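Colleague: Residue numbers (the UniProt record's numbering): 1 to 217. Before I ask anything, here is the structure I am working with.
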């Protein structure tokens with residue numbers, strides 16, 4: 001048995017993986033079987049995941065890097081009232097790597113690592129059928145969180161990547177994903193490069209009372 005609380009504490013976004021340490025398929029299958037226990041609206045089980053390794057993963061990365069060099073990704077724009085969170089996270093991550101705000105080239109190279117899946121040997125694409133709505137996206141989210149925790153408990157690291165969904169046509173073409181599926185995010189899976197500074201940062205969380213309201217009368 002794994003310690004759930006410890007897995008929750010240990011899970012974090014890894015931004016550089018070891019390229020020469022493959023991911024054991026049996027551990028991924030164990031984690032996926034657990035994640036399938038996640039709740040969903042009317043037991044629809046709306047999640048669909050495509051996992052790419054080896055040559056398939058390398059072709060996908062090459063195609064994503066090609067398009068990223070000439071075209072910005074189509075990712076949701078945060079409302080200004082929330083955009084400061086992205087800026088704060090960027091300052092923390094880039095700061096840990098010694099990249100200053102005005103070093104545009106270093107930032108560009110760091111951003112490109114998103115479409116390398118941060119060099120993780122196993123690249124995932126998380127999808128949901130287009131006919132489903134936001135209530136079912138919650139089910140996908142619960143599946144994904146369960147998967148992350150199950151992988152963490154087995155010594156694997158992960159990073160959920162909205163950036164990958166910014167080039168849906170490239171992902172569809174490379175992995176044969178049909179138009180009936182909405183591409184929600186990417187998922188990098190592997191073993192962390194512990195010498196990479198950004199893997200060792202502590203990203204703060206809000207105090208509970210900032211996000212939760214109790215009503216008792």
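Positions of the beta carbon are idealized from the N, C-alpha and C atoms, including for glycine. Quantities reported herein were computed from a predicted structural model and do not represent experimental measurements.
Please identify the residue among 19, 52, 160, 152 whose C-alpha is closest to the C-alpha of residue 193.
Modeller: Locating residue 193 in the chain shown gives position 193, where the first residue counts as 1. Comparing Cα positions, the closest option is 19.
Colleague: Is the beta carbon of residue 98 less than 9 Å from the beta carbon of residue 197?
Modeller: Here residue 98 is taken as the residue at index 98 of the chain shown, counted from 1. Here residue 197 is taken as the residue at index 197 of the chain shown, counted from 1. In this structure, residue 197 lies closer than 9 Å to residue 98 by Cβ.
Colleague: Mind checking whether residue 146 and residue 34 have CB atoms under 9 Å apart?
Modeller: Residue numbering aside, residue 146 sits at position 146 when the chain shown is read from its first letter. Residue numbering aside, residue 34 sits at position 34 when the chain shown is read from its first letter. The answer is yes: Cβ separation under 9 Å.
Colleague: Please classify residue 169 as buried or exposed, where buried requires at least 16 neighbouring CB atoms within 10 angstroms.
Modeller: Against the chain shown, residue 169 aligns to sequence position 169. It counts as exposed.
Colleague: With distances taken Cα to Cα, identify the nearest neighbour of residue 11 among 211, 182, 178, 154.
Modeller: Taking the first residue of the chain shown as 1, we reach residue 11 at position 11. For residue 11, the nearest C-alpha among the options comes from 154.
Colleague: For residue 123, tell me which candidate among 22, 52, 217, 7 has the shortest Cα-Cα distance.
Modeller: Numbered from its first residue, the chain shown carries residue 123 at position 123. For the residues 22, 52, 217, 7, the minimum Cα distance to residue 123 belongs to 52.
Colleague: Suppose contacts are defined by Cβ-Cβ distances below 9 Å. Is residue 184 in contact with residue 158 by that definition?
Modeller: Taking the chain shown and counting its residues from 1, the one referred to as residue 184 is at position 184. Taking the chain shown and counting its residues from 1, the one referred to as residue 158 is at position 158. Cβ distance not < 9 Å, so residue 184 and residue 158 don't count as in contact.
Colleague: Please return the same chain residues whose Cβ sits closer than 8 Å to the Cβ of residue 215, not counting the five positions on each side in sequence.
Modeller: Stepping through the chain shown from its first residue, residue 215 is reached at position 215. Here the set comprises nothing.
Colleague: Could you give the first and the last residue of the continuous beta strand (DSSP E) run that contains residue 128?
Modeller: In the chain shown, the residue the question calls residue 128 occupies position 128. Counting along the chain, the beta strand (DSSP E) containing residue 128 begins and ends at 122-129.
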